[in-house]
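Report on the following structure.
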Amino acid sequence: MLPATSQAEMSDDGFAQMRQLAQLAEYIAVDYMEAVRDGQVVNDGEYQEMLEFSQLIVTNISEIQDKSADAGDLTDQAKALQEAIQNKQAIETIRQMSGSLRGTLLALMPHSSLPDHLLSKATVKGLYESRCASCHGAAGGGDGVMAAQLEPAPTDFTSKERALNRSLLGLYDAISNGIDDTAMPAFTQLTEEQRWSLAFHVGGLAFQSGSEVTGEAPSVTLSQMVNHTPAQLAAEHPEMTQQAIERLRAKPELLFQETTNPLKITRNLLLRAQQAHQRGDYQTAQTLAVSAYLDGFELVENSLDAQDKALRQTLEADMMAIRQLLKQAQPPGEVESAVSRTLARLDDADRLLSESTLSNATLFSASLVILLREGLEALLVVIALVTVLVRTGRRDGLRYVHLGWVTALVGGVATWAAAQSLVSISGASREVMEGVAALLAAVVLLYVGIWMHSKTHAAQWQDYIQQHINSHLTAGTLWGLALLAFIAVYREVFETVLFYQALLTQAAAAQYSSVFSGFVAGTAFLAVLAWLLVRYSVKLPVARFFSVTTYLLLALAFILMGKAMSALQEADIIGITPLPVSFDIDWVGVKSTWQGILAQLSVLVVFLVFLGLARRQRKNAPVAERPGEFLDPGVRHSKPE
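Numbering follows the UniProt record's numbering, in which position 114 of the sequence shown is assigned residue number 114; successive positions increment by one, without gaps.
This is the structure we're talking about:
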């Protein structure tokens, strides 16, 4: 592959031209047998097309080589192929030379983006019947109702000899760009997912007979299967039988197990973001970079932290920096170099997580940390609401709070299940949901904290509770408490399930018990903490309880505000302006960005302003109206005369 600087010197048109030339080289390898046999031309039209294509390759490769001195002996390879066609060499020679030329072209191009998944078989079959069957036939034999009117004839996808020398990338390019001087149009109206699905479908039609998928993991990667022909794969992977390669082409389900690896998803999306930036499509580049973090890397952060926290932090910073670069045009090689560095570190992380299998202790601790980190904030909010209701004599309101958090548990799991099967919820959408929920919860908690602080210094707080609590805690207010409990819990549940799902993919079946044990231990810890908080908060004098709870809610509002900003930044809703010094204090939600720091400071400023106003009000109040801060909560005090 070219160095990043050399790649940057070549335009996007240059890369597209090289991709097209690779497609032409493959087309020659496939169709030459229809033009020449045993040194004789058997179809003059096909032979003229071979001559035309070989000349086009020579001409265009000369232009590419003039732009890049690193392009090696491409021109020599192209001219040798052209000369072999002119001399009517054997098909084996032509295939070897065209395959070598195509391999050199692919090596000079950037990494190609790969499909994340394919459409269902029924959907692809319907798509093929509506778009392709009229020419290529219902079974792909090139015998559709329109075939007799076309010259050259449509491709016979059921021909094994052709299929063995046709790559999935070549089929995808043919579907995407069409084929010049033929009836094959460019299906630009189809989505990328639809085009890849069609390429895999027609690429496997010649290998359907007797191809049963086994549970063995393939020894070739998805990238190799896409870029190389079955004949090339057989030559490069002698450990694999021809039958095994044909089986993968017929039913590629095993290949897509690789794309469930979050780091593989991250790598693929970063490459696609880089390609979008090279095209000048900065919005798409940004969207893909955001997805690379949220739909991939974020899901293995906990596991990577257990192995190498410094690497996790470096990768997180790298991916945030790439997002900033992708917003606008950059000097040549800037984005490519940043992506290359990040891909190298992703390889290190992938190797670390795969080669050094997570121990039972690591899985236990990661499982425990996930539950504690995601559940502690929600627990504290719910406990604060519960104890306020208990201390103010409104136990009838407890059912509203319990309804809120129980509904959140059920709703969070149901949302995750729907996202797996019915709808697609992207990582960005998830972060927006969590960010908005955290922001709303922070504002409400700050308001409740201020309200409670005012009651710690009320001159006759006992009278206030007895005279006003019933009127203030109306049905509407109680439903508001239920909503707050729901928000505090729901925002954590969906992400918690995703983290556990990612953790289980890194554990062997025999290690699931370690993950479950960590979950049980975390649940037990949270239950004990909840019991302690309720038990000892009830014993506090009411004024002291209100004071302690005020600062607890303030701390939670501070943390949630920081996490809200982080979530909205990760979803690219709010910008990222880094501070001169880099730091990350995750347990209090503090990140080294101006937006996050200012948002959290605003929580403190609002509270301090209120505190100052309250003190000034008490200072200016008549002596008879000043608060009695040390009243015995067990004694009913009469109002002063």
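C-beta atoms are modelled at their ideal positions from N, C-alpha and C, and glycine is treated no differently. These figures come from a predicted structure and were not determined experimentally.
Can you check which of these residues, the options, is closest to residue i by C-alpha distance?
i, options, result
"Met-109", "Arg-399, Ile-487 and Gln-278", "Gln-278"
"Pro-230", "Leu-613, Val-30 and Ser-514", "Val-30"
"residue 642", "Trp-479, Thr-362, Ser-582 and Asp-305", "Residue 642 is absent from the model: the chain starts at 1 and stops at 641."
"Ser-134", "Ala-183, Ser-176, Lys-160 and Gly-99", "Ala-183"
"Pro-578", "Leu-271, Glu-83, Glu-49 and Ala-317", "Ala-317"
"Gly-596", "Val-606, Ile-487 and Asp-584", "Asp-584"
"Gly-178", "Gln-20, Asn-302, Ile-559 and Trp-405", "Gln-20"
"Tyr-447", "Leu-604, Ile-573 and Ser-513", "Leu-604"
"Ser-197", "Ile-265, His-136, Ala-122 and Val-220", "Ala-122"
"Cys-132", "Ala-349, Leu-190 and Gln-77", "Leu-190"
"Ala-206", "Ala-250, Gly-522, Gly-45 and Gly-404", "Ala-250"
"Gly-280", "Pro-332, Val-381, Val-388 and Asn-261", "Pro-332"
"Lys-327", "Ala-285, Ala-244 and Thr-387", "Ala-285"
"Val-410", "Leu-169, Pro-238, Glu-492 and Ser-340", "Glu-492"
"Asp-181", "Leu-150, Phe-364, His-136 and Asp-396", "Leu-150"
"Asp-586", "Asp-38, Gln-313, Lys-160 and Leu-56", "Gln-313"
"Gln-600", "Ala-571, Ser-513 and Ala-555", "Ala-555"
"Glu-570", "Met-319, Val-42, Ser-582 and Ala-147", "Met-319"
"Val-339", "Ala-417, Asn-261, Ala-276 and Gly-612", "Ala-276"
"Gly-39", "Leu-56, Val-58, Gln-86 and Ser-62", "Gln-86"
"Met-282", "Glu-246, Val-388, Ile-61 and Ala-329", "According to the sequence as given, residue 282 is Tyr; it is not Met. Measuring from the Cα of Tyr-282, the nearest candidate turns out to be Ala-329."
Just to confirm, is the Cβ distance from residue i to residue j under 8 Å?
i, j, result
"Leu-553", "Ala-384", "yes"
"Val-590", "Gly-562", "yes"
"Leu-568", "Val-432", "yes"
"Gln-274", "Val-335", "yes"
"Ser-167", "His-228", "yes"
"Arg-102", "Ala-174", "no"
"Leu-255", "Leu-263", "no"
"Gln-232", "Gly-99", "yes"
"Ala-414", "Gly-518", "no"
"Tyr-536", "Ala-408", "no"
"residue 654", "Ser-176", "This structure gives no information on residue 654, because the portion of the chain shown stretches from 1 to 641."
"Thr-550", "Ile-576", "no"
"Leu-353", "Leu-315", "no"
"Asn-302", "Phe-607", "no"
"Ala-488", "Val-381", "yes"
"Ala-84", "Thr-93", "yes"
"Ile-559", "Met-565", "no"
"Gly-522", "Leu-299", "no"
"Gly-45", "Pro-152", "yes"
"Leu-379", "Ala-349", "no"
"Phe-486", "Trp-405", "yes"
"Val-497", "Gly-412", "yes"
"Gln-511", "Asn-360", "yes"
Based on the DSSP output, what are the partners of residue i in its beta bridges?
i, result
"Gln-40", "Arg-37"
"Val-590", "Ile-585"
"Pro-580", "In the DSSP output, where bridge partners are listed per residue, Pro-580 has none listed."
Compute the beta-carbon to beta-carbon distance between residue i and residue j, rounded to the nearest angstrom, for a pair I have assumed lies under 8 Å.
i, j, result
"Ile-91", "Tyr-27", "Contact doesn't hold; Cβ gap of about 14 Å is too wide."
"Lys-88", "Val-36", "5 Å"
"Ala-442", "Ala-527", "In fact, because the Cβ distance is near 26 Å, the residues do not count as touching under 8 Å."
"Ser-54", "Leu-74", "So it is not a contact: roughly 13 Å between Cβ atoms."
"Arg-272", "Leu-288", "5 Å"
"residue 646", "Ala-199", "Missing from the structure shown is residue 646; the chain here goes from 1 to 641 and no further."
"Ile-450", "Phe-610", "5 Å"
"Val-145", "His-201", "About 20 Å; that fails the 8 Å criterion."
"Ala-22", "Leu-127", "About 25 Å separates the two Cβ atoms, so there is no contact after all."
"Gln-242", "Ala-234", "5 Å"
"Ile-370", "Leu-529", "No, Ile-370 and Leu-529 are not in contact; Cβ-Cβ is about 16 Å, not under 8 Å."
Could you check whether the Cβ of residue i sits closer than 7 Å to any heavy atom belonging to the ligand MN?
i, result
"Glu-129", "With respect to the ligand MN, the structure offers nothing, as it holds no ligand at all."
Say whether chain D places a C-beta atom closer than 8 Å to the C-beta of residue i.
i, result
"Ser-340", "The chain labelled as chain D is not found in the depicted structure, where only one protein chain is given."
**Prompt:** Does the segment 321–337 touch the segment 285–299, meaning 3 or more C-beta pairs lie closer than 8 Å?
**Reply:** yes
**Asked** Does the segment 124–144 come within contact of the segment 155–166, defined as at least 3 CB pairs closer than 8 Å?
**Response** yes
**Prompt:** Is the segment 481–491 in contact with the segment 388–404, if contact means three or more CB pairs nearer than 8 Å?
**Reply:** yes
**Item:** Sufficient close CB pairs (3 or more, under 8 Å) joining the segment 307–321 to the segment 363–375
**Value:** no
**Asked** Just checking, does the segment 113–120 make contact with the segment 43–58 on the three C-beta pairs under 8 Å criterion?
**Response** no
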